[in-house]
Amino acid sequence: MKKTIKSVIRHLVLLFLSVVWLIPILWLFVTSFSGYKGINTSHFFPETWTLDNYAQLFLRPDSIVQYPRWFWNTFVIAAFSCIISTILVLMVSYTMSKTRFPGRKGLMSFSIILNMFPGVLSMIAIYFILKTMGLTNSHLGMIIVYSAGAGLGYLICKGFMDTISTSLSEAAKLEGASQATIFFRIIIPLSKPIIVYTVINAFLAPWADFVFAKLMLNSGVATDWTVAIGLFNMLGKSMINKYFSVFCAGGVIIAIPISALFVIMQKFYVEGITGGSVKG
Amino acid sequence: MKKKVLATLLAAAMTAGVLAGCGGDTAQTPAAETPAAETPAAETPATEEAPATEEAPEAAAPAADDAIANLIAATTGPVAMTVWASEEDQDLTTKLLDQFKALYPDVTFEITLGAESESTAKDTVLTDVESAADVYAFADDQINDLVQAGALQEVVANYTYDVAASNVAGAVEAAGVDGKLYAYPMTADNGYFMFYDASVFTADDVKSLEKMIEVADAAGKKVAMCVSDGWYIYSFFQGAGLQLSLNDDGSNTCTWNAAGGTDVAQAIIDLAANDAFVDMTDEEMATQIAEGNVVACVNGTWRAETAQQAWGDNYAATKLPTFKVAGKDCQMSSYSGYKLIGVNPHSKNLGWAMLLAEYLTNEESQKARFEARGLGPANNAAAASPEVQSNPAIAALAEQAAYATPQRVGGKYWDPAKTLGQILASGNPDGTDLQQLLDTTVEGITAPIE
Chain A
0 MKKTIKSVIR
10 HLVLLFLSVV
20 WLIPILWLFV
30 TSFSGYKGIN
40 TSHFFPETWT
50 LDNYAQLFLR
60 PDSIVQYPRW
70 FWNTFVIAAF
80 SCIISTILVL
90 MVSYTMSKTR
100 FPGRKGLMSF
110 SIILNMFPGV
120 LSMIAIYFIL
130 KTMGLTNSHL
140 GMIIVYSAGA
150 GLGYLICKGF
160 MDTISTSLSE
170 AAKLEGASQA
180 TIFFRIIIPL
190 SKPIIVYTVI
200 NAFLAPWADF
210 VFAKLMLNSG
220 VATDWTVAIG
230 LFNMLGKSMI
240 NKYFSVFCAG
250 GVIIAIPISA
260 LFVIMQKFYV
270 EGITGGSVKG
Chain B
0 MKKKVLATLL
10 AAAMTAGVLA
20 GCGGDTAQTP
30 AAETPAAETP
40 AAETPATEEA
50 PATEEAPEAA
60 APAADDAIAN
70 LIAATTGPVA
80 MTVWASEEDQ
90 DLTTKLLDQF
100 KALYPDVTFE
110 ITLGAESEST
120 AKDTVLTDVE
130 SAADVYAFAD
140 DQINDLVQAG
150 ALQEVVANYT
160 YDVAASNVAG
170 AVEAAGVDGK
180 LYAYPMTADN
190 GYFMFYDASV
200 FTADDVKSLE
210 KMIEVADAAG
220 KKVAMCVSDG
230 WYIYSFFQGA
240 GLQLSLNDDG
250 SNTCTWNAAG
260 GTDVAQAIID
270 LAANDAFVDM
280 TDEEMATQIA
290 EGNVVACVNG
300 TWRAETAQQA
310 WGDNYAATKL
320 PTFKVAGKDC
330 QMSSYSGYKL
340 IGVNPHSKNL
350 GWAMLLAEYL
360 TNEESQKARF
370 EARGLGPANN
380 AAAASPEVQS
390 NPAIAALAEQ
400 AAYATPQRVG
410 GKYWDPAKTL
420 GQILASGNPD
430 GTDLQQLLDT
440 TVEGITAPIE
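Keeping their order, the protein sequence lines are chains A and B. To convert, note that position 64 of the first sequence is 63 in numbering that gives the first Met the number 0; the numbers rise steadily by one, no gaps. To convert, note that position 304 of the second sequence is 303 in numbering that gives the first Met the number 0; the numbers rise steadily by one, no gaps.
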């Protein structure tokens, strides 16, 4: 009896939490099917249902809403930043974890301190530097900025590589393997979970970034924007009543690549973590 | 050892590559800019010559034609410009830009149209003036800051028409700072008045706010106003004869806490205590009008379409009503504002940018803007046209104009005023002494600019 009560209470708490977490998402989702374009807080569920918001998003881009274009821009920026950052992080982690050279400790502490420095503070400086190079309003500029400092965030990845036994690489070295061989043949295959983690992180940061994109892409031309800026713009004072449900549709769509990436990578993620624990 | 040398060499090669990359960029950028940079230099004489228009008004037309001819002659290569117009203005501006291009078939234009709301233009422009648009639209209250930051080119000469003479005096005054003209007036309707549903209210009802609330209450409907916003709450205090003005240094002078101030505050609390009088934001109002809950609201021309759709033939508009302060009827005041188009002095094609700004604000364009969006023209001739005169919203605005003041207020005003509005609209829940509340508000509003 006591057990049942406890279980009921526990489930009530869980129910409450899940409601708190899920309601905004559910609201976003159902509003994206609303036939009324503006914001309407007097009903939770829309009065009329339609797929038109999605159709408008993809099939009828106007001078304000260029969703397919934004999606593509954001995807290109995120994909390239992701590739470059992942490579940088892996290289730095390997160097710090598996090689020994004078000044290694000092370099490590220095980069960690440098990485702790909030990037937002240097934003204005970065903006003006890029401006002198003609890289503002350019996606190349954004890719450079998103991936440039990535190597500094090596700490977690290095920590993982430290757990891979040194005897493996030593053995390989005795067999005549070069650093490159050790890196590609031994360390990389054993680091799958951390690579997945790095890839997801490196993709998410530019994919969801707003502040820096807003500063960089300041031409006001809708076709240059990323999804985050475009969606923000749709909530402007004069736009919200015409575009709110379209905005919700955009918000639902934006989750797709992230979910896809996660689902694809998840296999390795879980495998890696359990595999690692067995090795102990 | 050999490996180390190799590594060092590789590192050096990479560093060199990076540096070379930078060098290449910096070298390229000025080179690419050079042809464009030449243009303003070549154009300057054309712009300089244009003052002839002012000196000899009788010879204005030929002189203006000469100026344009000079401008065309001085233009080599394509003219690249960026224009910022508000989101709602995109379709119309695209059309106007096409017409503008067609006017000068000998010149190749590369005009990019960006979206930037007039209300936020200042923030975006001032982030980086050099990279802001060549021609942009903004609301007139931003003009002081924009001029101070060097973001507006002074209009010393006109190509096609006399800007100062053909627009309403208030708009020209709003487009100038210290007697110098800095922008081109585009619309003259950036103010608010009362929309109402004529099936609920009679023309007599809408003369007094108390009466309106009574009628709305009886009908089970609401009268809406955004009380918790500095822009709107001004109408009560100004209407009761209290002062708020802008000083030269950008700070404010405010007498809302003087004698009679507490009566106004009490009046707002009393109004807000009625169930039929609701404080809501503009966006919310749009929804509630469409839903049929709100049958009257204080708002501006941008809501005319929503109201017209919802109320159909019963759609009506008039000046703001009176409200009772300590038993006495006071006419509510309002802000009047204008939307302007400015030219960025950093533009690489200054002459063309000014010509384009002129085109976007000339009589035909203002008429087109009225027809497309119902915005009140600032141009005398356009405003005098019968279609404009018979538009209810514009007529209401003209009626309200007698009680309206131009929006000249420093940036320190908004937040304290908004807080005051929120407190009063919610009925002063903490029971703060009203005099003390106003003192705090005024202290915030008149705070010096640091």
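Just so it is clear, CB atoms sit at the ideal spot from N, CA and C, and this is done for glycine as well.
Contact check for Ser-258 of chain A against Lys-36 of chain A fails: the beta carbons are separated by 8 Å or more.
Going by C-alpha positions, Leu-180 of chain B is about 40 Å away from Thr-286 of chain B.
Nearest Cα to Trp-413 of chain B within the set B:Val-134, B:Val-387, B:Ser-244 and B:Gln-307: B:Ser-244. Taking one beta carbon from each stretch, the segment 49-69 of chain A and the segment 185-194 of chain A have fewer than 3 pairs nearer than 8 Å; the two do not touch. Using beta-carbon distances, Asn-39 of chain A counts as an interface residue toward chain B, with a partner under 8 Å. When DSSP assignments are scanned along the segment 0-70 of chain A, the uninterrupted stretches of alpha helix (DSSP H) that are 4 or more residues long and fall wholly within it turn out to be 1-30 and 51-58.
Distance from the CA of Thr-165 of chain A to the CA of Cys-156 of chain A, rounded to the nearest whole angstrom, comes to 16 Å.
Contact note: Ile-239 of chain A reaches chain B through Glu-282, using a C-beta cutoff of 8 Å and chain order.
At the C-beta level, Met-331 of chain B and Phe-235 of chain B come within 8 Å of one another.
Measuring C-alpha to C-alpha distances from Ala-352 of chain B to each of B:Leu-145, B:Ala-258, B:Thr-119 and B:Glu-153 identifies B:Glu-153 as the nearest. Taking the C-beta atoms as reference points, Thr-317 of chain B is found nearer than 8 Å to Met-193 of chain B.
Contact check for Asn-246 of chain B against Thr-252 of chain B passes: the beta carbons are separated by less than 8 Å.
With its beta carbon less than 8 Å from one in chain A, Trp-83 of chain B belongs to the interface. Taking 8 Å as the Cβ-Cβ cut-off, the segment 132-149 of chain B approaches chain A at Ala-132, given in chain order. Annotated three-state conformation of Lys-236 of chain A is coil, per DSSP. Against chain A, the beta carbon of Thr-186 of chain B has no neighbour under 8 Å; the closest one sits roughly 14 Å away. Cα atoms of Asp-216 of chain B and Asp-274 of chain B: separation of roughly 7 Å, rounded to the nearest angstrom. Within chain A, the residues Ser-218, Gly-219 and Val-220 have their CB atoms less than 7 Å from the CB of Gly-113 of chain B, given in chain order. Listed along chain B are Glu-86 and Ala-114, each with a C-beta nearer than 8 Å to that of Asn-232 of chain A.
DSSP, reduced to helix, strand and coil, places Val-119 of chain A within a helical segment of the structure shown.
Of the other Cβ atoms in all chains shown, 16 or more fall within 10 Å of the Cβ of Thr-81 of chain B; this residue is therefore buried. Judged by DSSP in its simplified three-state form, Thr-317 of chain B adopts strand.
Nearest neighbour of Gly-260 of chain B by Cα position, chosen from B:Phe-276, B:Gly-240 and B:Leu-270, turns out to be B:Gly-240. With respect to the C-alpha of Ser-364 of chain B, the residue from B:Leu-96, B:Ile-71, B:Ala-79 and B:Asp-65 having the closest C-alpha is B:Leu-96. Contact residues of the segment 61-83 of chain A toward chain B are Ser-62 and Ile-63 (C-beta to C-beta distance below 7 Å). Within its own chain, the residues whose Cβ lies closer than 8 Å to the Cβ of Leu-87 of chain A, once the five positions on either side in sequence are excluded, are Ser-146, Ala-149 and Gly-150, listed in chain order. Beta-carbon to beta-carbon, Gly-426 of chain B and Ile-268 of chain B are separated by about 6 Å, close enough to satisfy the 8 Å threshold. Within the segment 120-141 of chain A, the residues whose Cβ lies closer than 8 Å to some Cβ of chain B are Tyr-126, Lys-130, Thr-131, Met-132, Gly-133, Leu-134, Thr-135 and Asn-136, listed in chain order. The DSSP-derived three-state label of Leu-180 of chain B is strand.
Residue A:Gly-34 holds the alpha-carbon nearest to the alpha-carbon of Glu-46 of chain A among A:Leu-56, A:Gly-34 and A:Phe-183. Interface with chain B (8 Å Cβ-Cβ cutoff): Lys-36 of chain A is excluded.
In this structure Met-185 of chain B touches Lys-338 of chain B by the C-beta definition: roughly 5 Å separates them, less than 8 Å. Apart from sequence neighbours up to five positions away, the residues of its chain that approach Met-122 of chain A with a beta-carbon distance below 8 Å are Val-210, Phe-211 and Leu-214, ordered along the chain. If you draw a straight line from the Cα of Ser-31 of chain A to the Cα of Leu-16 of chain A, it comes to about 24 Å. For Glu-169 of chain A, the enclosing alpha helix (DSSP H) covers residues 165-173.
In this structure, the straight-line span from the alpha carbon of Ala-207 of chain A to that of Asp-223 of chain A is close to 16 Å.
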